[in-house]
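See below for the structure under consideration.
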Amino acid sequence: MKGSKVKSSTTSTSRKIITRILCIVLCLIIMFTLAGCWNYRSLNDITIVVGIALDKRDTNYILTFEIIDLIESSKETGVKTKVISTYGETIFDAIRNTKKKLANKLYFGYAYVMIICQDIAKEGIHEIMDFFLRDAEPRATLFMTVSKEKTAQELLLTDGVDSSLVAYNINFILKEDLKVTGSTLAVPFYKAYRAVKSKNAFALPALKVSEVLEGKKAIESDGIAIFDDNKLISFLPADQTKYFLYAINEIDGGLLEFTNFNKKIERITFEVFSCKTNLKHYYEDNQLKFTIKPYIKASIGEIMSITDVNLSYQDLIDIEHRAEDMLAERMKATVDYIRHRIGADVIGFEDYIYKNDLKLWKQIHENFKELLKSAEISIEPNIHIINTGLTKNF
Amino acid sequence: MINIKVKPKQQQQKINSNHLDSLKIEKSLDKNIQIINKLFKDVDTLITRIIEPNQFICNSGASSQNKQKLQKDTKKTAEGSNTQNAAQNSSSFESQNDNSPNKPPKYFIAHIDGLVDSFLVNENIIKPLLLFDHINSQLNPVDYIMNSLILINEIKKVNTYKDVVESITYGDTLLLIDGCEEALILNTKHFNIRAIDEPENEKSLAGPREGFTESIITNLSMIQRKVRSNELKCKFYKVGRQTHTQICICYIESLVNKDVLNLLYKRLDKIDIDGILDSNYLTEFIKDNPYSPFRTSGYTERPDVVVGKLLEGRIAILVDGSPDAITVPYLFIENFQNSEDYYLNFYYTSFARILRYIGFFLTVLVPAIYISLEAYHHEIIPTNLLVNMAIERTNVPLPAIVELVLLLLVFDILKETGIRMPSGVGQALSIVGALVIGQAAVDAKMIAAPMIIIVALTGITALLVPKMNAPIIYVRTFLLLLSAALGFVGFILGFAMVLTHLVNLHSFGISQFVSNRRLDMKTVKDIPIRAPWWKLKTRPFYLTHNVRRQGDQNERIESEK
Numbered sequence: 008m009k010g011s012k013v014k015s016s017t018t019s020t021s022r023k024i025i026t027r028i029l030c031i032v033l034c035l036i037i038m039f040t041l042a043g044c045w046n047y048r049s050l051n052d053i054t055i056v057v058g059i060a061l062d063k064r065d066t067n068y069i070l071t072f073e074i075i076d077l078i079e080s081s082k083e084t085g086v087k088t089k090v091i092s093t094y095g096e097t098i099f100d101a102i103r104n105t106k107k108k109l110a111n112k113l114y115f116g117y118a119y120v121m122i123i124c125q126d127i128a129k130e131g132i133h134e135i136m137d138f139f140l141r142d143a144e145p146r147a148t149l150f151m152t153v154s155k156e157k158t159a160q161e162l163l164l165t166d167g168v169d170s171s172l173v174a175y176n177i178n179f180i181l182k183e184d185l186k187v188t189g190s191t192l193a194v195p196f197y198k199a200y201r202a203v204k205s206k207n208a209f210a211l212p213a214l215k216v217s218e219v220l221e222g223k224k225a226i227e228s229d230g231i232a233i234f235d236d237n238k239l240i241s242f243l244p245a246d247q248t249k250y251f252l253y254a255i256n257e258i259d260g261g262l263l264e265f266t267n268f269n270k271k272i273e274r275i276t277f278e279v280f281s282c283k284t285n286l287k288h289y290y291e292d293n294q295l296k297f298t299i300k301p302y303i304k305a306s307i308g309e310i311m312s313i314t315d316v317n318l319s320y321q322d323l324i325d326i327e328h329r330a331e332d333m334l335a336e337r338m339k340a341t342v343d344y345i346r347h348r349i350g351a352d353v354i355g356f357e358d359y360i361y362k363n364d365l366k367l368w369k370q371i372h373e374n375f376k377e378l379l380k381s382a383e384i385s386i387e388p389n390i391h392i393i394n395t396g397l398t399k400n401f
Numbered sequence: 003m004i005n006i007k008v009k010p011k012q013q014q015q016k017i018n019s020n021h022l023d024s025l026k027i028e029k030s031l032d033k034n035i036q037i038i039n040k041l042f043k044d045v046d047t048l049i050t051r052i053i054e055p056n057q058f059i060c061n062s063g064a065s066s067q068n069k070q071k072l073q074k075d076t077k078k079t080a081e082g083s084n085t086q087n088a089a090q091n092s093s094s095f096e097s098q099n100d101n102s103p104n105k106p107p108k109y110f111i112a113h114i115d116g117l118v119d120s121f122l123v124n125e126n127i128i129k130p131l132l133l134f135d136h137i138n139s140q141l142n143p144v145d146y147i148m149n150s151l152i153l154i155n156e157i158k159k160v161n162t163y164k165d166v167v168e169s170i171t172y173g174d175t176l177l178l179i180d181g182c183e184e185a186l187i188l189n190t191k192h193f194n195i196r197a198i199d200e201p202e203n204e205k206s207l208a209g210p211r212e213g214f215t216e217s218i219i220t221n222l223s224m225i226q227r228k229v230r231s232n233e234l235k236c237k238f239y240k241v242g243r244q245t246h247t248q249i250c251i252c253y254i255e256s257l258v259n260k261d262v263l264n265l266l267y268k269r270l271d272k273i274d275i276d277g278i279l280d281s282n283y284l285t286e287f288i289k290d291n292p293y294s295p296f297r298t299s300g301y302t303e304r305p306d307v308v309v310g311k312l313l314e315g316r317i318a319i320l321v322d323g324s325p326d327a328i329t330v331p332y333l334f335i336e337n338f339q340n341s342e343d344y345y346l347n348f349y350y351t352s353f354a355r356i357l358r359y360i361g362f363f364l365t366v367l368v369p370a371i372y373i374s375l376e377a378y379h380h381e382i383i384p385t386n387l388l389v390n391m392a393i394e395r396t397n398v399p400l401p402a403i404v405e406l407v408l409l410l411l412v413f414d415i416l417k418e419t420g421i422r423m424p425s426g427v428g429q430a431l432s433i434v435g436a437l438v439i440g441q442a443a444v445d446a447k448m449i450a451a452p453m454i455i456i457v458a459l460t461g462i463t464a465l466l467v468p469k470m471n472a473p474i475i476y477v478r479t480f481l482l483l484l485s486a487a488l489g490f491v492g493f494i495l496g497f498a499m500v501l502t503h504l505v506n507l508h509s510f511g512i513s514q515f516v517s518n519r520r521l522d523m524k525t526v527k528d529i530p531i532r533a534p535w536w537k538l539k540t541r542p543f544y545l546t547h548n549v550r551r552q553g554d555q556n557e558r559i560e561s562e563k
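So the protein lines, in turn, are chains A and B. The C-terminal residue of the first sequence carries number 401 in this note's numbering, and the numbering is unbroken. The C-terminal residue of the second sequence carries number 563 in this note's numbering, and the numbering is unbroken.
Here it is, written out as structure tokens:
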């Protein structure tokens, strides 16, 4: 009696265990077959795209991709790239058409830059952005650029100077520009899209082909392209872009160089460490007034003078004042150029008022463009020399 | 073999069916001899002997001449004397007693060859028995012999054959006295054991170098020597229907958690097995989660480790014949703790302990993460690495997951051959084999080079936590397969499942993983790092109620500085 009881209990527990194991196995089978491996794609099944160039011929889009050449690349030669081109009625169509030529599908997870030709830019860039919003692979941090050449393709066909990947080069040129030269603006995809969506004026970096050595062509950043209502309206050259960047508080470094500086000094270069620009507005009797106040911390990077200059404290103060005046003059010229000649509010005055003084914005936003053209803009830079930069004095 | 007709059938059946429990020692020596001979039939290592003191010699005291004669007598074989006696003397002790009340009785001794110290038996048992002059009829002869005659330190009175058999087979000597229903078990154990040396598997740079041997008494002596207190309790216990293996439960009375102790006894009582050859038999029987690959009891070959654990309120179980002691309860953290942690500088050992954690995570997670990255989440890999990995992967025939599973298998094969091979050769061969195979396989484009790195990293880091050798393999494979199927989703899913399992693990009712629901600085002192000794003022509170380990004196020394 007792024995049978024990036996029955053990069989029931073993049955329980068996059902439990079966449940787990079933779960795993269902999981693996329905959901599992849905996206298993080994690294040798993908073609890695690093750069995209968009051109338009007639009604077709021509897409050019810089892809990593896994066959030519090796430990000895380093990474090599190939450029392939395709066309289609839409962007997606064009991308899919590459599969006719390639064994693997394109993979956009490592695309660094997208270069847009002027034609597309002039027509408006919103239509080409949509695919990149929908597709899962391209990153939102992909840099958007505009080609100053006839086509965007040309830029990808240049030679990389310090890296064989042109897109990689562009990526670093743009990324570090604000800290080192301050001549262009790096705009990731999401920022560009936000500006397009809000129909504000915005800027994208412009790129051109330049010759580094005889016969060797390379990429060079060349100022910015200014968009208004998602269409390209003008380019701003590199030397003016710098003062534009001071105005919009984007500078993080770079140089300030002045010639014909003062009696003692012929040419001087400041190395900028940081810049903080404050914008203030006043509104009286239908008259807008803006004050742009860049506060710059810099050191003296170079003084070109005929004789040795011994800088006293007073000299430094004089230098500061003189530099402030010259910078104000140049910034004023740039701001006026943008405001009057280009006619786009790329500096973001309207945006600023919208964010800081909504009441005023409601009052004036309908005829803001006229108001801006007649607005009084004063620039009051404050340069603070934190050191003379002299490390060796014999 | 034995010519005896007086054999009740019932008794014979009992003997045959080995019901030793109910088999009591008879009053008649002859009957007892019969039973013994029957029990130990075909056990040729059993040595038996009848001792029949000569009354004359006994009464007149021992002279050197008579001694010689005696020794001659004793040279008779046991069997011969048995039959002789049985045939000659069928009368019982009482009848002899009637004739001469003070006449010493006949004795019978039995022991197993090789387990006893012959010199001890001769000098301390046989000699006094032969030379003893008269018996005091007032006293029970058993008590008299036990208390006043035999020169053996440990004597036990028994009355069943179960005890007799168990003792004889362990090197004790049986002494039967004619006319008594009790037998004496005399401790004459003497057998060769391995010398005490440093355990091969638990070498350490610092601290005691001695390790347990196969003899439980030697092992206990090593523990006792370290804890010179009556608080140290050693309870013997027998397990194994055939082997009757001695196990010993050691604990420190004032520190031990009584619930754990009761639970241990309960579990030990339930064990019904024919033999216990190693402590692992017990480990598996007393486990809380029998199917879990994770350990729920510790093992060590080092007496210092055992004492360290006893001092934290744990219980140690020693098994005769096994150099591994079991310690319970076992916390998950003990997988990463090492006796050396407490013997070396705490800065160094804290770092070493953190390394062990890192090693555990690396060995378990690296293959799964690698396969997730390789097959699903290319975005996360830095570009240069991705390009290099992709270059390596071109023209490789097998998918990454198959490669990885195969290589992990190969690594484990190499490891296993390394262990099983004759010493010295194994390691060298496996290293060379692995290097050559790995290099050649990459050169021949059979496998991708990063895979070798992953497998090597996984394999080597596994060696950092040797106590987790089994769970590591299963958890790693489980996570690997889930990651291969679902990428990071599977990885997180699997990790959560493993974590849930760990949190559910108990050792003797004590949660192994989460000792406390809140972060307690006291526990932090000995878990991620090893704080200096003067900071370790308390024992782990979940193991014992007696938490304080140090006095306040130390604090004062600190403040003086």
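Beta carbons are placed, not taken as given, at the ideal position from N, Cα and C, and that holds for glycine.
Taken atom to atom, the span from the alpha-carbon of Asn-267 (chain A) to that of Glu-273 (chain A) is near 5 angstroms.
Sequence-ordered contacts of the stretch 72-88 of chain A with chain B read Ile-75, Leu-77, Ile-78, Ser-80, Ser-81, Lys-82, Val-86 [C-beta pairs closer than 9 angstroms]. In the DSSP assignment, Ala-446 (chain B) falls outside any alpha helix (DSSP H), carrying neither H nor E.
In this structure, Leu-188 (chain B) lies near Ile-127 (chain B), with their beta-carbon atoms less than 8 angstroms apart. Under the Cβ distance rule, Met-391 (chain B) counts among the residues neighbouring chain A, one pair being separated by less than 8 angstroms. Counting only runs that start and end inside the stretch 65-116 of chain A, the beta strand (DSSP E) elements of at least 3 residues fall at 67-81, 85-95, 112-114. Distances from the CA of Ser-171 (chain A) to each of A:Ile-354, A:Gly-58, A:Val-153 were compared; the closest alpha carbon is that of A:Gly-58.
Sixteen is the threshold: since fewer than 16 other Cβ atoms of the shown chains lie within 10 Å of the Cβ of Gly-85 (chain A), the residue is exposed. In this model, Lys-283 (chain A) and Leu-333 (chain B) are separated by some 57 angstroms (Cα to Cα). Not flagged as an interface residue toward chain B: Ile-69 (chain A), since no C-beta distance is shorter than 8 angstroms.
Around the Cβ of Leu-437 (chain B), a 10 Å sphere holds fewer than 16 other Cβ atoms; the residue is exposed.
Assigned with DSSP and collapsed to three states, Lys-469 (chain B) falls in helix. Within the stretch 295-339 of chain B, the alpha helix (DSSP H) runs of at least 4 residues that lie entirely inside it are, in chain order, 305-312. Secondary structure of Val-118 (chain B) (DSSP, three-state): strand. Within its own chain, the residues whose Cβ lies closer than 6 angstroms to the Cβ of Ile-531 (chain B), once the five positions on either side in sequence are excluded, are Ser-352, listed in chain order. In the structure shown, the three-state DSSP call for Asn-176 (chain A) is helix. The C-beta of Thr-396 (chain B) comes closer than 8 angstroms to at least one C-beta of chain A. Taking 8 angstroms as the cut-off, the beta carbon of Val-368 (chain B) is found closer than this to the beta carbon of Ile-456 (chain B). When A:Gln-125, A:Val-120, A:Lys-129 are compared, the shortest CA-CA separation from Phe-139 (chain A) is found for A:Val-120. For Asn-506 (chain B), the enclosing alpha helix (DSSP H) has its first and last residue at 490-506. Fully contained in the stretch 171-248 of chain B are the following alpha helix (DSSP H) runs of length 4 or more, in chain order: 218-228. In terms of beta-carbon proximity, Arg-48 (chain A) lines the interface with chain B, with at least one pair separated by less than 8 angstroms. About 5 angstroms separates the beta carbons of Gln-244 (chain B) and Asp-276 (chain B), which is inside the 8 angstroms limit, making them a contact pair.
Excluding five sequence positions before and after Ser-341 (chain B), the CB atoms of its chain that fall closer than 7 angstroms to its own CB belong to Ser-206, Gly-209, Arg-304, Asp-306, Val-307, Gly-310, given in chain order. DSSP places Pro-301 (chain A) in the uninterrupted beta strand (DSSP E) bounded by 294-311.
The alpha carbon of Gly-355 (chain A) has as its nearest neighbour, out of A:Ser-281, A:Ala-110, A:Ile-299, the alpha carbon of A:Ile-299. Remark: C-beta atoms of Thr-190 (chain B) and Gly-173 (chain B) approach each other more closely than 8 angstroms.
As for any alpha helix (DSSP H) of minimum length 4 sitting wholly inside the stretch 155-221 of chain A, the runs are 160-163, 173-187, 196-205, ordered along the chain. With contacts defined by Cβ atoms closer than 8 angstroms, Phe-297 (chain A) and His-288 (chain A) form a contacting pair.
Within chain B, no C-beta atom comes less than 7 angstroms from the C-beta of Tyr-250 (chain A); the nearest is roughly 34 angstroms away. Bounds of the beta strand (DSSP E) holding His-288 (chain A) are 274-291. Residues Arg-532, Pro-534 of the same chain have their beta carbon placed closer than 6 angstroms to that of Phe-348 (chain B), with the five preceding and five following residues left out of the count. In the assembly as shown, Phe-363 (chain B) is an exposed residue. Its beta-carbon has fewer than 16 other beta-carbons within 10 Å. By the criterion of a C-beta distance shorter than 7 angstroms, Ala-443 (chain B) is surrounded in its chain by Ile-449, once the five residues flanking it on both sides are discounted. Close CB contacts of Asp-23 (chain B) within its chain, under the 6 angstroms cut and outside five residues either way in sequence, are with Lys-164 (chain order).
When Cβ-Cβ separations below 8 angstroms define contact, Tyr-372 (chain B) makes no contact with chain A.
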